[in-house]
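Chains as they are written, first to last, in our numbering: chain A, 13 to 427; chain B, 59 to 284. Written below as structure tokens is the structure these notes are about.
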Amino acid sequence: MTKIVNLALKGLTKYKMRTFLMMLGIIIGIATLTVIVSISKGAQMKIMKGIRSFGTNAVLVSAGGGKMFGPPDEDTTSLRIEDADAIKESVKGVKHIAAFTVSVSQDIIYGNKNTTSPVLGVTPEWMDAWQWYVDKGEYISDDDNASMSKNAVIGQTVARELFGDQNPIGETIRINNTNFKVIGIMAHRGTSPMGMDMDRRVFVPRTTAMRKLFNIDHVGMIRMYIEDESKLQEVTMNVTALLKERHHITAGQEDDFRVTNTVKMSMMAKGVSKTLRTFLILLSVISLGVGGIVIANIMFISVNERKKEIGIRRAFGARAKDIMNQFLGEALLVTVSGGVLGTLLGLAVSKIVSMIPLATAIGPMGKKKMMTMPAVISWEPFVLAFLFSVIIGVLAGIQPAKKAAAMDPVEAMRG
Amino acid sequence: MIELKGITKTYRKNGSLEVSVLKGIDLEIKKGEFVAIMAPSGMGKSTLMNIIGCLDKPTGGEYLLDGAAVDKMNDDDLSRTRNKKIGFVFQSFNLLPKTTALENVELPLIYASDDIDVKAKAKAALESVGLGERINHMPSELSGGQQQRVAIARALVNDPAIILADEPTGNLDTASSEEVMNIFKRLNQNGRTIILVTHEPDIAGHAKRIIRLKDGQVVSDERRAA
Chain A
13 MTKIVNLALK GLTKYKMRTF LMMLGIIIGI ATLTVIVSIS KGAQMKIMKG
63 IRSFGTNAVL VSAGGGKMFG PPDEDTTSLR IEDADAIKES VKGVKHIAAF
113 TVSVSQDIIY GNKNTTSPVL GVTPEWMDAW QWYVDKGEYI SDDDNASMSK
163 NAVIGQTVAR ELFGDQNPIG ETIRINNTNF KVIGIMAHRG TSPMGMDMDR
213 RVFVPRTTAM RKLFNIDHVG MIRMYIEDES KLQEVTMNVT ALLKERHHIT
263 AGQEDDFRVT NTVKMSMMAK GVSKTLRTFL ILLSVISLGV GGIVIANIMF
313 ISVNERKKEI GIRRAFGARA KDIMNQFLGE ALLVTVSGGV LGTLLGLAVS
363 KIVSMIPLAT AIGPMGKKKM MTMPAVISWE PFVLAFLFSV IIGVLAGIQP
413 AKKAAAMDPV EAMRG
Chain B
59 MIELKGITKT YRKNGSLEVS VLKGIDLEIK KGEFVAIMAP SGMGKSTLMN
109 IIGCLDKPTG GEYLLDGAAV DKMNDDDLSR TRNKKIGFVF QSFNLLPKTT
159 ALENVELPLI YASDDIDVKA KAKAALESVG LGERINHMPS ELSGGQQQRV
209 AIARALVNDP AIILADEPTG NLDTASSEEV MNIFKRLNQN GRTIILVTHE
259 PDIAGHAKRI IRLKDGQVVS DERRAA
């Protein structure tokens, strides 16, 4: 074995340019493959993170029609607290349910600092429905709702932007010209599948939001927590049917609400990354295929040019098998080292790609936020590269090696 | 040690035309002999040498090498026999280009199955032909005579019983030729069988026995005092 590797190494180092050309296709192909694995793992991680922040076992109804996910349409007034009550009464499998109002963008002021945040009008059920709880202090209670109190709970981002290291609890913030007392801070939640910062949130009592702040009689969203994950699609369908009926949506007419769950969400996210992945896989397969053909051709040329060497080796005792192993070893060494170099190049490219901003989002206070494509560096590319290089090496090397082995020693030595 | 009985070799050229190169050679060469095979060019001496060297199989006849029937051997056995028993020296040296003298001499050892110190053995072989100082030179950095000495070291390194030399001085000047022939003589004095193929009477004159071929047959076989 070491003999074969040694021999192959000697053969290859004598023809450096040729060896490099043979390796090139494999390097590019394997690098592309590595980028695919890293990027799709990154995308998957992003999706998983998003789904985790959205919450598993969750169904979310938003006001307003359309297909895209995202914040509710504030002009749609048809989603009501009564809808939530009806769901609770007639849809089986819903463990927690909370109807709440959403005002997508409000200025939040503390002293001379300000920020922008969605403001949610909530009841205590909200926490169970979202499986998301306060980190410090208290949440909005039934008493807050009964008395239409001016207490507020803030998310981590809002707390950081307004208060920095200072303790926000007990401080007064201003929302829509009304003073609120901060009574709690929510636990960290992360980024939504839509790329929204879930920690940029301000929570106030629902009654206060509806009657004092915004003067509305509808809600923006209804959130449900389903105990049995296998019932997720069933509950989603039942909720959709019930709301269609309650909102008098006839066949063929567009819904004035959207129902989302985790399954739908991961399907959509997978759909997006699939297109990119298919393209990259195609590219990788083509470059590996072309790389293999290039190696096979150069090996054939090499065998012809090295006829005399083959003859000399045979004269001094090399068996046909030894010649076969020598040339097959050279092909394999080319593809495997190409594979290793390709993986390293691919990892470097993934790293660079993950740092390139794909889009610039303008955040609050005019701050620019970069959107990037994450890449995950893992062991899989190495295994894949090794596997592919060995397969290509054998496929590309076997015919030239057989030809070399079959040469008549006397004929070969004539050159 | 070498017994050829009625060896024939026929080549098929352009499909149907058969060319008979060897027409029944009977020959016996004993251990320790120094034999020159002489023939004009194209009279089958290279073919005979390839058959004796187990590189080529005869079309007909029997070839016994140390009692083993070479004409019945398969390819792997022929390779092993070449590796163990025969050391070739060629007119055009046939060294591997871009490969050091040492690595060239190591070549037969790579294909020998025994576990030996390849480097040390190759180095000793080079020293025995007076090239101990040039082991890391490429063939292109050596003179013709030096290259042929590297080739002789390569032929010797696996300690074969027979050295088969095909016009070994054909590409050398007179001084280098003398040097090479002296090495062969010394090897023969140490008991090795030397078979020399040549068309130069001067070179054949170094041998103890001269076999002349013509038209694929042995026409004379003379032994002489060296």
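Beta carbons: idealized from backbone N, C-alpha and C, even for Gly. Remember, predicted model here, so these are calculated numbers, not experimental data.
Practice task
Measuring only between beta-carbons, confirm whether R30(A) sits less than 8 Å from chain B.
Solution key: The residue labelled residue 30(A) in the question sits at position 18 within the first sequence. Not closer than 8 Å to any Cβ of chain B, the Cβ of R30(A) fails to qualify, so no.
Practice task
Under 8 Å Cβ to Cβ from D135(B), same chain only, skipping five residues before and after it: list those, please.
Solution key: As a working mapping, residue 135(B) is identified with position 77 in the second sequence. Same-chain partners within the cutoff: there are none.
Exercise for the section: Find the nearest neighbour of H108(A) within the set S115(A), V114(A), D87(A) and A96(A), judged by alpha-carbon distance. Expected result: To locate residue 108(A), count along the first sequence from 1; it is residue 96. Of the listed residues, the one whose Cα sits closest to H108(A) is A96(A).
Problem - 8 Å Cβ cutoff, I324(A) in contact with chain B - result: Reading the first sequence from its first residue, position 312 is the one you call residue 324(A). Yes, I324(A) counts as interfacial toward chain B.
Exercise for the section: Can you grab the Cα-Cα spacing for the pair K379(A) / T248(A), in whole Å? Expected result: Reading the first sequence from its first residue, position 367 is the one you call residue 379(A). Reading the first sequence from its first residue, position 236 is the one you call residue 248(A). Model confidence at K379(A) stands at a pLDDT of 44, short of 50, so the residue's coordinates are unreliable and nothing is read from them.
Practice task
Compare the beta carbon distance of R92(A) and M160(A) with 8 Å and say whether it is the shorter of the two.
Solution key: In the first sequence, the residue the question calls residue 92(A) occupies position 80. In the first sequence, the residue the question calls residue 160(A) occupies position 148. Result no, Cβ atoms of R92(A) and M160(A) do not sit closer than 8 Å.
Problem - Option in E120(B), D273(B) and I253(B) with minimal Cα separation from I95(B) - result: Taking the first residue of the second sequence as 1, we reach residue 95(B) at position 37. For the residues E120(B), D273(B) and I253(B), the minimum Cα distance to I95(B) belongs to I253(B).
Exercise for the section: Kindly identify the DSSP beta-bridge partner or partners of V422(A). Expected result: In the first sequence, counting from the first residue as 1, residue 422(A) sits at position 410. Answer by DSSP bridge pairing: none, since V422(A) is not bridged.
Exercise for the section: Determine, using beta carbons only, whether A164(A) and F215(A) come nearer to each other than 8 Å. Expected result: Position 152 of the first sequence, counted from the start, is the residue given in the question as residue 164(A). Position 203 of the first sequence, counted from the start, is the residue given in the question as residue 215(A). Yes, these two residues count as a Cβ contact at 8 Å.
Problem - Closest by C-alpha distance to S362(A), when choosing among T44(A), A75(A), I16(A) and D334(A) - result: Reading the first sequence from its first residue, position 350 is the one you call residue 362(A). Of the candidates T44(A), A75(A), I16(A) and D334(A), the one whose C-alpha sits nearest the C-alpha of S362(A) is T44(A).
Exercise for the section: Pick helix, strand or coil for N126(A), following the three-state DSSP scheme. Expected result: Residue numbering aside, residue 126(A) sits at position 114 when the first sequence is read from its first letter. Residue state, collapsed to three classes: strand.
Practice task
Measure the alpha-carbon distance for K156(B) versus G304(A) and round it to whole angstroms.
Solution key: If you number the second sequence from 1, residue 156(B) lands on position 98. If you number the first sequence from 1, residue 304(A) lands on position 292. So the alpha carbons of these two residues sit roughly 27 Å apart.
Practice task
Over the uninterrupted beta strand (DSSP E) stretch that includes D279(B), give me the two end residues.
Solution key: Reading the second sequence from its first residue, position 221 is the one you call residue 279(B). Start and end: Q275 to R281.
Exercise for the section: Starting from K414(A), follow its DSSP beta bridges and name the residues at the other end. Expected result: Here residue 414(A) corresponds to residue number 402 of the first sequence, with the count starting at 1. DSSP lists no partner for K414(A).
Practice task
Below 8 Å between beta carbons is the criterion; list the residues of the stretch 124-140 of chain B that meet it against any residue of chain A, in chain order.
Solution key: D133, D134, S137, R138 and R140
Practice task
Step through the CB atoms of chain A and report whether any lies within less than 8 Å of the CB of L254(B).
Solution key: The sequence position of residue 254(B) within the second sequence is 196, counting from 1. For L254(B), the answer is no, since every Cβ of chain A falls outside 8 Å of its Cβ.
Exercise for the section: Using the Cα positions of Q178(A) and E101(A), report the straight-line distance between them to the nearest angstrom. Expected result: In the first sequence, the residue the question calls residue 178(A) occupies position 166. In the first sequence, the residue the question calls residue 101(A) occupies position 89. Across the structure, Q178(A) and E101(A) are spaced so that their CA atoms are roughly 44 Å apart.
Problem - Nonlocal neighbours in the same chain, by C-beta distance under 8 Å from D155(A), ignoring five residues either side - result: Here residue 155(A) is taken as the residue at index 143 of the first sequence, counted from 1. Cβ neighbours of D155(A) beyond the five flanking positions: S161.
Practice task
Determine the DSSP secondary structure at F339(A), reduced to helix, strand or coil.
Solution key: Counting from one through the first sequence, the residue named residue 339(A) turns up at place 327. Helix, per DSSP.
Handout entry: Where A170(B) meets chain A, residues with beta-carbon distance less than 9 Å
Key = Taking the second sequence and counting its residues from 1, the one referred to as residue 170(B) is at position 112. In chain order: G329.
Exercise for the section: Using alpha carbons as the reference points, say which of S314(A), A360(A) and F394(A) lies closest to Q338(A). Expected result: In the first sequence, counting from the first residue as 1, residue 338(A) sits at position 326. Checked all of S314(A), A360(A) and F394(A); the closest Cα to Q338(A) is S314(A).
Handout entry: Neighbour flag for A332(A) against chain B, beta carbons, 8 Å
Key = Indexing the first sequence from 1 puts residue 332(A) at position 320. Yes, its Cβ sits closer than 8 Å to a Cβ of chain B.
Practice task
Check whether the Cβ of K75(B) lies closer than 8 Å to any Cβ atom in chain A.
Solution key: Counting from 1 along the second sequence, the entry for residue 75(B) is found at position 17. Reading off the sequence, residue 75(B) comes out as Leu, not Lys. Not closer than 8 Å to any Cβ of chain A, the Cβ of L75(B) fails to qualify, so no.
Handout entry: Rounded Cβ spacing between Q143(A) and G67(A) (contact assumed at less than 8 Å)
Key = Mapped onto the first sequence, residue 143(A) falls at position 131. Mapped onto the first sequence, residue 67(A) falls at position 55. That belief holds up - the Cβ atoms of Q143(A) and G67(A) are roughly 6 Å apart, short of 8 Å.
Problem - CB contact below 8 Å: P98(B) versus chain A - result: In the second sequence, the residue the question calls residue 98(B) occupies position 40. No, because no Cβ of chain A sits closer than 8 Å to the Cβ of P98(B).
Practice task
Measuring only between beta-carbons, confirm whether K15(A) sits less than 8 Å from chain B.
Solution key: Stepping through the first sequence from its first residue, residue 15(A) is reached at position 3. Yes, contact with chain B.
Problem - First through last residue of the beta strand (DSSP E) which encompasses N428(A) - result: Because chain A spans 13 through 427 in this model, residue 428(A) falls outside it and cannot be assessed.
Practice task
List the residues of chain B that K26(A) touches, going by C-beta distances under 7 Å, in chain order.
Solution key: Locating residue 26(A) in the first sequence gives position 14, where the first residue counts as 1. Simply K156.
Problem - C-alpha gap between E120(B) and T66(B), whole angstroms - result: The residue labelled residue 120(B) in the question sits at position 62 within the second sequence. The residue labelled residue 66(B) in the question sits at position 8 within the second sequence. Roughly 9 Å separates the two Cα atoms.
Handout entry: 8 Å Cβ cutoff, D114(B) in contact with chain E
Key = In summary, chain E is missing from the structure at hand, where the protein chains are A and B.
Exercise for the section: Please name the residue in K319(A), V73(A) and V116(A) whose C-alpha comes closest to that of V422(A). Expected result: As a position in the first sequence, residue 422(A) is number 410, starting the count at 1. If we check each option's Cα against that of V422(A), K319(A) comes out closest.
Handout entry: Contact set between the stretch 410-427 of chain A and chain B, restricted to residues whose Cβ is under 9 Å from the partner
Key = D420, P421, V422 and M425
Problem - Same chain, Cβ closer than 7 Å to D147(A), neighbours up to 5 away in sequence not counted - result: Your numbering for residue 147(A) matches position 135 in the first sequence. Correct list, in chain order: I197, M198 and A199.
Practice task
For S74(B), count neighbouring Cβ atoms within 10 angstroms of its own Cβ and tell me buried if that reaches 16, exposed if not.
Solution key: Within the second sequence, the letter at position 16 stands for residue 74(B). Classified as exposed, S74(B) has fewer than 16 neighbouring CB atoms from the shown chains inside 10 Å of its CB.
Handout entry: Rounded C-alpha distance that separates I403(A) from G409(A)
Key = Within the first sequence, residue 403(A) is the residue found at index 391, counting from 1. Within the first sequence, residue 409(A) is the residue found at index 397, counting from 1. Looking at the two C-alpha atoms, the distance is approximately 10 Å.
Handout entry: Burial state of L167(B), where buried means 16 or more other Cβ atoms lie within 10 Å
Key = For the purposes of this step, residue 167(B) is taken as the residue at position 109 of the second sequence. Under this definition L167(B) is a buried residue.
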